[in-house]
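**Q** Counted the way my numbering counts, the sequence shown spans residues 88 to 217. Structure in structure tokens, see below.
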Amino acid sequence: MPLTAAELLAAAHAVVPKITAADAQAKIAQGALLLDVRDAPELAANGRADGSHHIPRGMLEFRADPATPFHDPELRHDRPVILHCASGGRAALAGRLLHDMGFAEVHNLGGFQDWVDGGGAVIEPVEPGM
Numbered sequence: 088m089p090l091t092a093a094e095l096l097a098a099a100h101a102v103v104p105k106i107t108a109a110d111a112q113a114k115i116a117q118g119a120l121l122l123d124v125r126d127a128p129e130l131a132a133n134g135r136a137d138g139s140h141h142i143p144r145g146m147l148e149f150r151a152d153p154a155t156p157f158h159d160p161e162l163r164h165d166r167p168v169i170l171h172c173a174s175g176g177r178a179a180l181a182g183r184l185l186h187d188m189g190f191a192e193v194h195n196l197g198g199f200q201d202w203v204d205g206g207g208a209v210i211e212p213v214e215p216g217m
């Protein structure tokens, strides 16, 4: 039987723990990767967490797999990964994907606003000019 989006999200939330911005900041200070899985236009429009690494959700499988020519060396199986998107849904699904790919420690920060509300530093979007 086909799965619904709600079922996929529930399964993701069951294996990827949600953490607070304060917990995320503590883990980042110890070497965890803060991974933003939003699309590039979202970053351009809204800014991004200072120090975050960006991989769009649609490329994550390829960036996470060392066997592909697209592998991103920031993604290591032994490095904790903290994901966020705009509201937390894509981050949960991305976290489940990384979990399924063998990443040992994966967390869902939720949305970008969770980072901001938690006092996380932000790099503002670039003013496009006129």
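Just so it is clear, CB atoms sit at the ideal spot from N, CA and C, and this is done for glycine as well.
Would Q117 be called buried (16 or more neighbouring beta carbons within 10 Å of its own) or exposed?
**A** exposed
**Q** To test your reading of the DSSP string, which unbroken beta strand (DSSP E) runs of 3 or more residues are found completely within the stretch 90 to 173?
**A** 120 to 123 and 168 to 172
**Q** Decide if the stretch 127 to 137 is in contact with the stretch 177 to 189; the criterion is three or more beta carbon pairs, one per stretch, under 8 angstroms apart.
**A** Result no; under three Cβ-Cβ pairs closer than 8 angstroms.
**Q** Just list the alpha helix (DSSP H) runs in the stretch 172 to 210, keeping only unbroken ones of 4 residues or longer that don't cross its boundaries, in chain order.
**A** 176 to 187 and 199 to 204
**Q** Could you tell me the distance, in whole angstroms, from the CA atom of C172 to the CA atom of A179?
**A** 9 angstroms
**Q** How would you label D204, buried or exposed, when you count the other beta carbons within 10 angstroms and need 16 or more for buried?
**A** exposed
**Q** Cβ atoms of G176 and L96: under 9 angstroms apart, would you say?
**A** yes
**Q** Quick one: residues in its chain with C-beta nearer than 7 angstroms to the C-beta of I142, no 5 flanking neighbours on either side, listed in chain order?
**A** L122, V124, R150 and D159
**Q** Could you tell me the alpha carbon to alpha carbon distance between V209 and L90, rounded to whole angstroms?
**A** 36 angstroms
**Q** With burial defined as no fewer than 16 other Cβ atoms inside 10 Å of the residue's Cβ, what is the status of F199: buried or exposed?
**A** buried
**Q** For M146, tell me which candidate among G206, D126, S139 and V193 has the shortest Cα-Cα distance.
**A** D126
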